[in-house]
Amino acid sequence: MPSKNKLLKQKEKEEQKEKAEEEKLLNEYWNEGTNKRGEKKAQMEHEKQMEKMQKLKEKKELEEAENANIQSTNTKVKKTKKKKGDDFELLNEALKNAPKTKAQKEAEQKQQEKLQKLAELERVNAKLKQEKELLEKEKQKNMQKGMVYEHDNIMDMEVHNTLEEDEEVITGLDNILSSFSTEDSVSFNKFYHQQLPIMKKEYPGLRLTQYQQKIHVLWKKSPLNKNNQI
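To get our numbering, take the position in the sequence shown, counting from 1, and add 832.
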């Protein structure tokens, strides 16, 4: 297939040739007599029209040749990309099916344990958030009634039960939990839910913040607390 530059040069030569022939015809026209000028003029117009049609035809052929060349190049590029994509998929499949090393298995196990701890921590946080919302509702209810709670000195934990001090208890418990590591949070949450029904049975009628404070005191002394396992 001729290159683009070659086709353009060929077209340029043909145009120069046509221009020279046209000038020649014009010179002959003006050199001939008046009687033949009308006939020559009609002939020249016909030839010009034919030349114009020929040029349009050549232009169309040139464009078609260029488009065919571009399409051929694009097809080759697509085939190359497809082959690279197939090779990449085969490589991934081989790596996926390859036997895992001991280090890889240990890393996956650690990652799985980490995800489980994070899931447990999220569950703990969700539970604490729910309890905090219940306390807020209780606070609003008590504000409407204008109630003030008495002091509670059980187990050496003085709990100020005014509405203002309730907010401090909630904030204090949140600060304690936020200082825990992920593992400590999970352990405390398990201990908390084990002790809560026992506390409610031993000390009926207390508020949730009071139960939380008592359980927190027990946790500090509990052998389940890793800080006490020395």
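By construction, the Cβ of each residue, glycine as well, lies at the ideal position given by its N, Cα and C atoms. Keep in mind the model is a prediction, meaning the values are calculated, not measured.
Here Q1026 carries a helix assignment [DSSP, helix/strand/coil]. Rounded to whole angstroms, the gap between the alpha carbons of K937 and E921 is 23 Å. A distance below 6 Å between beta-carbons, with the five flanking residues on each side excluded, links L839 to the following residues of its chain, in chain order: L894.
For Q1061, there is no enclosing alpha helix (DSSP H), as DSSP gives it neither H nor E.
Beta-carbon to beta-carbon, E860 and E883 are separated by about 17 Å, too far to satisfy the 8 Å threshold. The residues L1040, in chain order, have a CB closer than 8 Å to that of L966 in the same chain once the five nearest residues on each side in sequence are set aside. Going by beta carbons, F1023 and S1054 fall inside the 8 Å limit.
Its chain contains no residue whose beta carbon lies nearer than 6 Å to that of N837 once the 5 sequence neighbours on both sides are disregarded.
Cα atoms of Q848 and K841: separation of roughly 11 Å, rounded to the nearest angstrom.
Separation of L858 and Q881 (C-alpha to C-alpha, rounded to the nearest whole angstrom) is 16 Å. In the structure shown, G1037 adopts coil according to DSSP, grouped into three states. Under the three-state reduction of DSSP, F1020 is assigned to helix.
Taking C-alpha positions only, L1056 is separated from M975 by approximately 38 Å.
Shown here, S1010 sits in a helix according to DSSP, grouped into three states. Secondary structure of T933 (DSSP, three-state): coil. S1054 carries a coil assignment under DSSP once its states are collapsed to helix, strand and coil. Excluding sequence positions up to five before and after V1018, its CB lies within less than 8 Å of the CB of K949, E952, L953, V956, all in the same chain and listed in chain order.
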